[in-house]
Amino acid sequence: MGILEISGVNKRFGGLKALDDVNLDIAAGTVHAIIGPNGAGKSTLLNCLVGRLEPDSGSVSFNGHSLLGVKAHQINQFGVSRVFQTPEIFGDLTLLENVMIPAFTKRDGAFKLNAWPSVDGESEVRDQALFYLEEVNLAGKAQVRADEMSRGDKRRLELAMCLIQDPKLLLLDEPTAGMSRADTNDTIDLLKKIGEEFNITKVIIEHDMHVVFSLAKKVSVMAQGTVIVEGAPNEIKGDERVQEAYLGGAHL
Amino acid sequence: MLGLNSKDQKLFLVVIVVTLLAPFILNPFPENSELAQFNAGYPDLMQRFAIFGIFAIGFNILFGLTGYLSFGHAAFLGVGSYAGVWMLKLLSMNVVPAIIMSVIFAGLFSLLVGFVSLRRSGIYFSILTLAFAQMSFALAYSVLTPITNGETGLQLALDDPRILGVSQIDGSIPPTNFFGLEMRDGFELALGPWVFTLNFGYYLCAVFVLGAFYLSMRIFNSPFGMMLRAIKTNQTRLPYTGMNPKPYTLAAFVISGMYAGLAGGLMVAMDPLAGAERMQWTASGEVVLMTILGGAGTLLGPLLGAGVIKYFENIFSKINDTILYEWFSFMPDGLQDVFVFLIHPFIGKGWHLTLGIMFMLVVIFLPGGVVEGGQRFMRLFKRGDKGSKSSGDAARSASPAE
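For the protein sequence lines, the chains are A and B, in the order given. When we follow our numbering, the leftmost residue of the first sequence carries the number 1, and every step to the right adds one. When we follow our numbering, the leftmost residue of the second sequence carries the number 253, and every step to the right adds one.
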């Protein structure tokens, strides 16, 4: 039984069938990639998992909890963290504060009127935040405003914000979108390193085959709102249906 | 000490000293000199500095920290005022129950308004709060006349019950007091040509403004305050960080509403009457001006902004043409007329024009308000002092205020 089970999920936007009977089973401890051409429904599926969209029918369950109709912040409290396609961080705050915030929500829950104690007194959370900044090689910039950093640094910051919550499931939405080859390789190395240190199940949505084949243990290929092929990376490479989905039938 | 870092401790110490010595600091000119009209150290105005300071400090928690621009905060001040006057009418002339009930009623009302308005953000939130405030104003003016006494405003009367006190003393309404200490009382201190007024009412306001300032410092430095700043910066990220923004924004809204209620309660403690115009949108706009003028999102800004605006309102508006003619009396007749003609629109009733120009200049050249102006000035000073080494540090420390 997988940590995340998606079965028979449908989602329509008006006349467009964005998700058509999607079934997926993500095993605990694995790195599972979801690939597919533009418009295949990958992002819609991800949004159905984190509470941003609600499927029309079907079921999504995570670690025994049904995620249907559950609010985004509650899903996060169950242990699901996500990285956005364009980094979503707290631009006006320092890196340290950015990483402390998810640590506070992990410790205090979705709301706590913690208005009297000083942040300076929260040395435990601060040390933890510094540790995770170190993990993503940003420790030297702890006091810098987040908006002043490069895009690659922002991504690493977002990753640290997810990791500090010690999530059971980490969803990465195109973690290398818009990056140069060198930055992409850095990200792959970082994700590999994190995979070795922390046992977190990861789902990666990705265009870049290089990333997918370097990281994923299992790959699901989506096209036109449904999963067409599933298997190990090597099996997927040669599959005719995959090539057809990507290249419209022209054989390589 | 006090759970503050050393920088805030210093700031708080300065604010305490300035607040307690305000009757002296604000009266720099001898009583009989020509410049005495610029003295602001009389009780009525000092009380207003403190009261509007509290109002703006509370508003800053919602606007400066959380990023929600409310255009209806005067409604909470008004509700607090009405609640306060009713306590003075029903219970006693002691200001303590009046102030407590002001805060409670304003808090409850802001809970209701916030619950509805916070379903939207940005401009829609502002419009909703504005609508609520105008609605409250209209209700207080007409339908709710039994409670608010409509146009005339709610006043004390000789036949009020005052069950814990007395209805009247020798045929007049007893003055407001703090356990016997009358708010209008005080000492006059004459030092040479200077006269300083130490008024009990002002010192009660001073205690509250210091408490309000201290609480706002605690909130700014707390994890709760950090969450509010996060809300201001990025609403998209928050739910996926496991945080529910709604109760946080509502808490900030209610806290700032209670600050407004406290300001309203102190207003009636100093001068026991409440009118509907206190809730009008111009009054809500004024607190927005104060906060921006002083520096939104900074600790000291709202207090400074409130001081500047109230000073202009009370001092500039008093200058008239006669005084101008006196100032320019050394000039030949024709030139004197020209100067008075040129300055006339900016003084007296025209003080709004002066304020408007000042506000525009601040927003354009000093988006961080008076506080940013001060920081820039200090930086110039430091650079001259220690050379270019410290400029990097100063730039970094100044950036959060922007």
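Quick reminder that beta carbons are idealized off the backbone N, C-alpha and C, glycines included. Quantities reported herein were computed from a predicted structural model and do not represent experimental measurements.
Requested in this report: Anything in chain B within Cβ reach of residue 113(A), meaning under 9 angstroms, just list it in chain order.
Outcome: Translated into positions along the first sequence, residue 113(A) becomes position 113. Those within 9 angstroms of residue 113(A) in chain B are 476, 499, 500, 503.
Query raised in the report: From residue 208(A) to residue 373(B), what does the alpha carbon distance come to, in whole angstroms?
Result: Numbered from its first residue, the first sequence carries residue 208(A) at position 208. Numbered from its first residue, the second sequence carries residue 373(B) at position 121. The alpha-carbon atoms of residue 208(A) and residue 373(B) are separated by roughly 37 angstroms.
Report task. Could you tell me the distance, in whole angstroms, from the CA atom of residue 212(A) to the CA atom of residue 184(A)? Result -> In the first sequence, residue 212(A) corresponds to position 212, counting from 1. In the first sequence, residue 184(A) corresponds to position 184, counting from 1. Rounded to whole angstroms, residue 212(A) to residue 184(A) spans 11 angstroms at the Cα level.
**Report entry** Where the region 147-166 of chain A meets chain B: residues whose CB sits under 8 angstroms from a CB there
**Finding:** 161, 165
**Report entry** Short Cβ contact (7 angstroms threshold) for residue 514(B) with residue 355(B)
**Finding:** As a working note, residue 514(B) is residue 262 in the second sequence. As a working note, residue 355(B) is residue 103 in the second sequence. Yes, they are a contact pair.
Query raised in the report: alpha helix (DSSP H) containing residue 583(B): first to last residue?
Result: For the purposes of this step, residue 583(B) is identified with residue 331 of the second sequence, where counting begins at 1. Premise fails: residue 583(B) is in no alpha helix (DSSP H) and is neither H nor E.
Query raised in the report: Which one of 568(B), 574(B), 626(B), 522(B) has the shortest CA to CA distance from residue 296(B)?
Result: Looking up residue 296(B) in the second sequence gives position 44. Here the closest residue by C-alpha is 522(B).
**Report entry** Interface positions of the region 294-306 of chain B facing chain A (Cβ-Cβ less than 8 angstroms), listed along the chain
**Finding:** none
Requested in this report: Take residue 359(B) and list the residues in its own chain whose beta-carbon comes closer than 8 angstroms to its own, dropping the five residues that flank it on each side.
Outcome: For the purposes of this step, residue 359(B) is taken as residue 107 along the second sequence, with counting starting at 1. Only 506, 509, 510, 513 meet the Cβ criterion.
Query raised in the report: Relative to the C-alpha of residue 410(B), which residue among 399(B), 422(B), 403(B) is closest?
Result: For this step, residue 410(B) is matched to residue 158 along the second sequence. Cα-wise, what sits closest to residue 410(B) is 422(B).
**Report entry** Classification of residue 150(A) by the beta-carbon crowding that lies within 10 angstroms, buried from 16 upward
**Finding:** Here residue 150(A) refers to the residue found at position 150 when the first sequence is read from its first residue. It is exposed - the Cβ of residue 150(A) has fewer than 16 other Cβ atoms within 10 Å.
Query raised in the report: Which stretch, first to last residue, makes up the alpha helix (DSSP H) that contains residue 60(A)?
Result: The count along the first sequence starts at 1 and reaches residue 60(A) at position 60. That residue, residue 60(A), is in no alpha helix (DSSP H); its beta strand (DSSP E) goes 57-62.
Requested in this report: Establish whether the CB of residue 471(B) and some CB of chain A are separated by less than 7 angstroms.
Outcome: On the second sequence, position 219 is the one that residue 471(B) refers to. Answer yes: the Cβ-Cβ gap between residue 471(B) and chain A drops below 7 angstroms somewhere.
Requested in this report: Can you give me, in chain order, the residues of the region 396-409 of chain B that have a beta carbon less than 9 angstroms from any beta carbon in chain A?
Outcome: none
Query raised in the report: With contact counted as at least three CB pairs below 8 angstroms, one residue from each stretch, are the region 480-497 of chain B and the region 124-143 of chain A in contact?
Result: no
Query - Length of the line joining the Cα atoms of residue 386(B) and residue 528(B) - result: In the second sequence, the residue the question calls residue 386(B) occupies position 134. In the second sequence, the residue the question calls residue 528(B) occupies position 276. Each residue's alpha carbon lies about 10 angstroms from the other.
Query - Residue from 2(A), 95(A), 39(A), 193(A) whose Cα sits closest to the Cα of residue 27(A) - result: What you label residue 27(A) is simply residue 27 of the first sequence in a count that begins at 1. Out of 2(A), 95(A), 39(A), 193(A), 2(A) has the C-alpha closest to the C-alpha of residue 27(A).
Query raised in the report: At a cut of 8 angstroms, does the region 143-159 of chain A reach the region 87-99 of chain A through at least three beta carbon pairs?
Result: yes
Query raised in the report: Near residue 250(A), which residues of its chain fall below 7 angstroms by C-beta distance, leaving aside the five closest residues on each side in sequence?
Result: Along the first sequence, read from residue 1 onward, the residue named residue 250(A) stands at position 250. Note on residue 250(A): pLDDT 49, under 50, position unreliable in the model; the coordinate value appears next. The answer is none, since no qualifying residue turns up.
Query raised in the report: Taking Cβ to Cβ, would you say residue 406(B) is nearer than 7 angstroms to residue 459(B)?
Result: On the second sequence, position 154 is the one that residue 406(B) refers to. On the second sequence, position 207 is the one that residue 459(B) refers to. Not in contact: residue 406(B) and residue 459(B) (Cβ atoms no closer than 7 angstroms).
Report task. Compute the Euclidean distance between the alpha carbons of residue 560(B) and residue 541(B), then round it to the nearest angstrom. Result -> Mapped onto the second sequence, residue 560(B) falls at position 308. Mapped onto the second sequence, residue 541(B) falls at position 289. So the two alpha carbons sit approximately 10 angstroms from each other.
Query - Residues that DSSP places opposite residue 446(B) in a beta bridge - result: Here the question's residue 446(B) lines up with position 194 in the second sequence. Beta-bridge pairing links residue 446(B) to 443(B).
Query raised in the report: Of all the CB atoms in chain B, is at least one closer than 7 angstroms to the CB of residue 73(A)?
Result: Along the first sequence, one-based indexing puts residue 73(A) at 73. Interface residue, yes.
Requested in this report: State yes or no: is the beta carbon of residue 485(B) nearer than 7 angstroms to at least one beta carbon in chain A?
Outcome: On the second sequence, residue 485(B) is found 233 positions in, with the first residue counted as 1. For residue 485(B), the answer is yes, since a Cβ of chain A falls inside 7 angstroms of its Cβ.
Query - Contacting residues, own chain, Cβ-Cβ under 7 angstroms from residue 344(B) (five flanking each side not counted) - result: Residue numbering aside, residue 344(B) sits at position 92 when the second sequence is read from its first letter. Here the set comprises 414, 416, 417.
Report task. Tell me whether the beta-carbon of residue 476(B) lies closer than 7 angstroms to the beta-carbon of residue 160(A). Result -> Counting from one through the second sequence, the residue named residue 476(B) turns up at place 224. Counting from one through the first sequence, the residue named residue 160(A) turns up at place 160. Contact flag unset, no.
Query - Contained alpha helix (DSSP H) runs [length at least 4] in the region 509-571 of chain B, N- to C-terminal order - result: 533-546, 553-567
Requested in this report: Check distances from the C-beta atoms of the region 201-212 of chain A to those of chain B and list, in chain order, the residues that come in under 9 angstroms.
Outcome: none
Report task. With DSSP collapsed to three states, give me the class of residue 279(B). Result -> Position 27 of the second sequence holds residue 279(B). Here residue 279(B) sits in coil by DSSP.
Query raised in the report: Does residue 644(B) get closer than 7 angstroms to chain A when you measure Cβ to Cβ?
Result: The sequence position of residue 644(B) within the second sequence is 392, counting from 1. Note that residue 644(B) has pLDDT 40, beneath the 50 cutoff, so the model's placement of it is unreliable and no number is given.
Query raised in the report: Ends of the beta strand (DSSP E) at residue 262(B)?
Result: In the second sequence, the residue the question calls residue 262(B) occupies position 10. Taken as a continuous stretch (DSSP letters only), residue 262(B) belongs to no beta strand (DSSP E), being part of the alpha helix (DSSP H) at 258-272.
**Report entry** Distance, residue 113(A) Cα to residue 214(B) Cα
**Finding:** The displayed coordinates of chain B run from 253 to 654. Any statement about residue 214(B) would go beyond what the structure contains.
Query raised in the report: How is residue 296(B) classed by DSSP in three states: helix, strand or coil?
Result: What you label residue 296(B) is simply residue 44 of the second sequence in a count that begins at 1. In the structure shown, residue 296(B) sits in a helix (DSSP, three-state: H, G or I).
Query raised in the report: What residue range is occupied by the uninterrupted beta strand (DSSP E) comprising residue 176(A)?
Result: Reading the first sequence from its first residue, position 176 is the one you call residue 176(A). Premise fails: residue 176(A) is in no beta strand (DSSP E) and is neither H nor E.
**Report entry** Completely contained alpha helix (DSSP H) runs for the region 288-349 of chain B, where each covers 4 or more residues
**Finding:** 295-312, 326-342
Query raised in the report: Looking at the C-beta of residue 252(A), does it have a partner C-beta in chain B at a distance below 7 angstroms?
Result: Taking the first residue of the first sequence as position 1, residue 252(A) is located at position 252. Confidence at residue 252(A) is low in this model, with a pLDDT of 44, below 50, so the placement of that residue should be treated as unreliable; the coordinate-derived value is given next. Closer than 7 angstroms: no.
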